[in-house]
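**Q** Protein chains in written order, with our numbering: chain R, 92 to 384; chain A, 117 to 438; chain U, 1048 to 1304.
Once you've had a glance at the structure underneath, I'll fire off some questions.
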Amino acid sequence: MAAPPHTFDRKARFRRAQGVVFYFLFLGAVLVGIVGLVTLLVQILLQGVPWLSWHLLTDYPSRHPEQAGLRAAIFGTVWIMGLTAVLAVPIGVGAAVYLEEYAPRNWFTRILEINISNLAGVPSIVYGLLGLGLFVQIMSLGKTVLAGAMTLTLLVLPIVILASREAVRAVPSTYREAAYALGADQWQVVKGVVLPASAPGILTGTILAMSRAIGEAAPIVVISGLVYLTFVPASPLDRFTALPLQIFNWAARPQEGFRDLAAAGIIVLLVVLLSMNAVSILLRNRYQTKSEE
Amino acid sequence: MGFEIRRPQLLAARPSPASAAGEAPLFKRSSSREWEGRAARYFFFLCAALSIFTTVGIVVSLFSQALAFFGEVSVWEFLTGTRWSPILKPNSYGVLPLVGGTLLVSALAALVALPLGLGTAIFLAEYAPDRLRRVIKPVLEILAGIPTVVYGYFALTFVTPLLQIVFPDMIVFNALSAGLVMGIMIIPMVSSLSEDAMMAVPRSLRQAAYALGATRMEVSLRVVVPAALSGIVASFILAISRAIGETMLVTIAAGATPNLTWNPLDSIQAMTAYIVQVSLGEAAHGSLEYNTIFAVGLLLFMMTLLMSLLGQWVVHRWREEY
Amino acid sequence: MDRREVVLKADRLRVWYGSFLAIKDVDFQAKVGMVTALIGPSGCGKSTLLRSFNRMNDLIPSVKIGGSVEFRGRNIYDSSVDPTELRSRIGMVFQKPNPFPKSIFDNVAFGLRVNGYTGDIYEAVERSLRQAALWEEVKDRLNKSAFALSGGQQQRLCIARALAVEPEVVLMDEPASALDPIATLAIEQLIRELSRVYTIVIVTHNMQQAARVSDETAFLMVDDDRAGYLVEHGDTQQIFTNPKDERTEAYITGRFS
């Protein structure tokens, strides 16, 4: 067994250069996304900031860009998001608890899981069509806040379920065992141990899901149509508009004034969104440092 | 999903030996407590089962009104016709121009997002030191969290004027601008899922490759990427599926001209944009025009469902066991 | 001690992980065509020492090196040395078998391709598999996944993969610790066989194994400061029958773990 002669052409210098080139390619890929984001934010700030004013928040829409405001849209969004949260959180958490704590390992559970992950991939506008067909027409709810909120509930459920499942799964099994060892039954374990321990994670995930829903325009367009409202909804059975819908409305108009106004509306929407994200990140950090103690 | 600890089922249901012997049990479980537990169990089950109801609801509401449409227009004409003119006479209901518009924009988006998203994932998983990762990842999360109506606005009022410097003849509403911006928009989808897949590749494989004299780039592209391929391909499929279903961006920036073309400088109309257009209009409930959106929506749903299933199949079929 | 040429030489080598000193002032030599075993209690820095010979420690960002390691008279931590080229001259076999999720053939061919092998790749793969005593078992299924092999076979595949790039030195980090006794025996025989051609440095926690396979043995220790250091280095026979240092004797005879 003699060592064969060395017959390698290692091209060390070429490969080093190749490595450098690829490093910059990969870095460049990252930068495209970051530069894109920064450009978008800067452009919207430049266009929109001059139009930011108090009356933008308090006035109803108008044919004159100088007088138009977001009042109806803001109230509509608050209504929709509030109702959606009320509906989606208990259902989503309930489904997550079922799948993590109760579900037997059988074909039906498997179908449930596949179904939920498929629903996460359904385009939001298809949910709009579902809401239009089912809630607006068959259930005769009309183009109301309730129909919109129910539609958005179905849209965000897969996200809420996913986030809640992760939170529930993260509860150490020793907690459960300790409770069972004290004679608790399954519901007592869930109520007394699992839900309290996973609450921060559920909350974080829910806020993220809501921040996704708040920017959704497509299902709202289908449910509500393009409306010009000079009142704010007083009950779930009133008609409504929403922030992203109003922004879309303004952006789609040819006049310069409305386009800039759309940018101002986007700033309002993004501020709401970013503060929701910030809250969830704060919660996450606090929760993480706590659980590591 | 690895192993899982099975919880014992309903301890209370087991008869205790003490009560069987006729003695008073030491601890008595109240019947209201049992009732509460059972109610909770049913509630949780119903919550989970609602997802089935949602799917059935989607299928039923799309099918029932699409059927009304297909009562007047044959499926064949719908699927193979090359002219879409549901409002202007002479009416024609060939959906291919809408499908073509959707695919054109999605292809442009994929052209941008797949390489850039994969490059980003490789940088994050293989190159970036921890501190840099902790800066880049939240930025990408923000990119993913921006509402699509904002991207539409950005495409229309910034990217399109910019592109018109390069292509002076290009019209305001065009597939190119929408496609490019959508590409940026779905980079985070590709990168985060691909990165997850690459991070799941064990360190020992990287070490083996380094120990053979491979460079970092060779380790990344010849060991890690092939080992994570199923996850990467799944991320591609999901991102493209997302692009197909994307609505506001194409509605705002890509136009409302059903147009069977491969020229990205043209104005087109995507399937989703058509649904929005009709929703904004005055089409009466039950009219043929109104029913078209359910037919188009059904087709859209089937396309994205197919991609979803394909993605799951890829992950399961090609999953690497390390 | 044998007076053969020294291939690998560490001089006052220190390795830090961040501010933690993992090994301090280790002097070490590995001679051509010999098997040198590194033994010592767990946490004494055997693996860290081994990984500083092919600069695998570079992959951990916080690692700092002091002193020097010379390979054929050249300091491998010199800025002019390309660690990737170094690693193709000093191969490594790991604790757990770590084949790539590729075919048996592609596993062995990986290093050949990366290093631009100019000869016949098929021939080189066969030669390496024969050297690793695996050829007869796999020759009919070269295109099958490497994961289909048993643990012992996978480890021999990893050895074949390391040999394919024709290294001068092969570093082995407890190569049999994840294997059953029969597979371990096969690996040990293989190491004896390979020592005719290659210089081998092997980390092992198993003293019998060190006694069976090695020509020289280095004994490392660790004190309360958790920094490993070299106690004694000599002919394996001498270390195991007549250690000079009483700490070596205590360890060999099992008086502390």
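Using N, Cα and C, we set each Cβ at its ideal position, and we do this for glycine too.
Would you identify the three-state DSSP class for Arg196(R), choosing helix, strand or coil?
**A** Here Arg196(R) sits in coil by DSSP.
**Q** Please list, in chain order, the chain U residues whose beta carbon lies closer than 7 Å to that of Glu334(A).
**A** Going along chain U in sequence order, the residues near Glu334(A) (Cβ under 7 Å) are Val1161.
**Q** If I measure Cβ to Cβ from Ser1135(U) and keep anything under 6 Å in the same chain, skipping five residues before and after, which residues do I get?
**A** Cβ neighbours of Ser1135(U) beyond the five flanking positions: Asn1162 and Val1212.
**Q** Can you give me the C-alpha to C-alpha distance between Ala1209(U) and Thr1283(U), rounded to a whole angstrom?
**A** Their backbone Cα atoms lie some 25 Å apart in a straight line.
**Q** CA-CA distance, Asn1122(U) and Leu1181(U)?
**A** Using only the alpha carbons, I get a separation of about 35 Å.
**Q** With burial defined as no fewer than 16 other Cβ atoms inside 10 Å of the residue's Cβ, what is the status of Tyr1164(U): buried or exposed?
**A** Result: buried.
**Q** Among the residues of its own chain, which have a CB less than 6 Å from the CB of Arg1098(U), if the five just before and after it don't count?
**A** Hits under 6 Å: Asn1104.
**Q** Where does Lys1191(U) fall in DSSP's three states?
**A** If DSSP states are grouped into helix, strand and coil, Lys1191(U) belongs with coil.
**Q** With a threshold of 9 Å between beta-carbons, can Thr103(R) be considered close to chain U, or not?
**A** First, the residue type needs correcting, since residue 103(R) is Ala and not Thr in the sequence shown. Taking Cβ atoms only, chain U reaches closer than 9 Å to Ala103(R), which makes this a yes.
**Q** Would you report the Cα separation of Ala313(A) and Ala344(A), rounded to the nearest angstrom?
**A** Approximately 5 Å between the Cα atoms of the pair.
**Q** So with Cβ pairs under 9 Å, would you call Ile368(A) a contact of chain U?
**A** No, Ile368(A) does not count as interfacial toward chain U.
**Q** Please name the residue in Thr1095(U), Gly1114(U) and Val1116(U) whose C-alpha comes closest to that of Ile1107(U).
**A** The option with the nearest alpha carbon to Ile1107(U) is Thr1095(U).
**Q** Just to make sure I have the definition right: I need the residues of chain U whose C-beta is within less than 8 Å of the C-beta of Phe117(R). Which are they?
**A** Ordered by position in chain U, no residue passes the 8 Å Cβ test against Phe117(R), which lies about 18 Å from the chain.
**Q** CB Ser167(A) to CB Asn197(R), shorter than 9 Å?
**A** Taking 9 Å as the Cβ cut-off, Ser167(A) and Asn197(R) do not qualify as a contacting pair.
**Q** Using a Cβ-Cβ cutoff of less than 6 Å, which residues in the same chain neighbour Gly299(A) once the five nearest sequence positions on both sides are dropped?
**A** Here the set comprises Ala225, Val228 and Ala229.
**Q** Please identify, using Cβ separations under 9 Å, the residues of the segment 266–283 of chain R that lie next to chain C, in order along the chain.
**A** Going by chain labels, chain C is absent from the structure shown, which instead holds the protein chains R, A and U.
**Q** Closest to Ala261(R) by C-alpha separation, out of Ala275(R), Pro287(R) and Gln279(R), would be which residue?
**A** It is Pro287(R) whose Cα lies nearest to the Cα of Ala261(R).
**Q** What is the rounded straight-line gap between the Cα of Thr388(A) and the Cα of Phe159(A)?
**A** Spanning the two alpha carbons is a distance of roughly 36 Å.
**Q** Quick check: the Cα distance between Tyr193(R) and Thr200(R), rounded to an integer number of angstroms?
**A** Cα-Cα distance, rounded: 10 Å.
**Q** Let me know if Lys1291(U) comes out buried or exposed under the rule of 16 or more other beta-carbons within 10 Å of its beta-carbon.
**A** So Lys1291(U) ends up on the exposed side.
**Q** In the segment 1169–1224 of chain U, which residue ranges form an unbroken alpha helix (DSSP H) of at least 4 residues, counting only runs that do not cross its ends?
**A** The qualifying runs are 1182–1185 and 1198–1211.
**Q** Which residue from Gly233(A), Ser308(A) and Arg247(A) puts its Cα closest to that of Gly119(R)?
**A** Residue Gly233(A) is the option with its Cα nearest to Gly119(R).
**Q** Sorted by chain position, which residues of the same chain lie with C-beta nearer than 7 Å to Leu374(R)'s C-beta, five sequence neighbours on each side aside?
**A** Same-chain partners within the cutoff: Pro291, Leu294 and Thr295.
**Q** Taking Met1103(U) as the query, report the chain A residues whose CB atoms sit under 8 Å from its CB, ordered along the chain.
**A** Correct list: Gln323, Tyr326 and Ala327.
**Q** So, with DSSP's three-state summary, where would you put Lys1093(U)?
**A** Helix at Lys1093(U).
**Q** For a cutoff of 9 Å on Cβ pairs, would you count Arg375(R) as touching chain U?
**A** Taking Cβ atoms only, chain U never reaches closer than 9 Å to Arg375(R), which makes this a no.
**Q** Buried or exposed for Asn1190(U), going by 16 or more other Cβ atoms inside 10 Å?
**A** Its Cβ having fewer than 16 others within 10 Å, Asn1190(U) is exposed.
**Q** Hey, does Asp150(R) have any beta-carbon neighbour from chain U nearer than 9 Å?
**A** Taking Cβ atoms only, chain U never reaches closer than 9 Å to Asp150(R), which makes this a no.
**Q** Grab the span of the alpha helix (DSSP H) containing Leu416(A) for me, first residue to last.
**A** That run of the alpha helix (DSSP H) goes Leu404 to Arg433.
**Q** With respect to the alpha helix (DSSP H) encompassing Gln1284(U), which residues constitute its N-terminal and C-terminal limits?
**A** Here the alpha helix (DSSP H) through Gln1284(U) covers Thr1283 to Thr1288.
**Q** Going by DSSP in three states, Lys282(R) sits in which element: helix, strand or coil?
**A** Reduced to three states, the DSSP call for Lys282(R) is helix.
**Q** Would you decide whether Met1268(U) is buried or exposed? Buried here means 16 or more other CB atoms lie within 10 Å of its CB.
**A** Buried is the call here.
**Q** Considering only DSSP beta bridges, list what Gly1138(U) is partnered with.
**A** The partner list for Gly1138(U) (beta bridge, DSSP) reads Val1217(U).
**Q** Are the beta-carbon atoms of Thr130(R) and Phe283(A) separated by less than 9 Å?
**A** In this structure, Phe283(A) does not lie closer than 9 Å to Thr130(R) by Cβ.
**Q** Tell me which same chain residues have a C-beta within less than 6 Å of the C-beta of Met423(A), skipping the five on either side of it?
**A** Same-chain partners within the cutoff: Ile353 and Ser357.
**Q** Starting from Tyr1064(U), trace the beta strand (DSSP E) both ways and give me its first and last residue.
**A** Its beta strand (DSSP E) spans residues Val1053 to Tyr1064.
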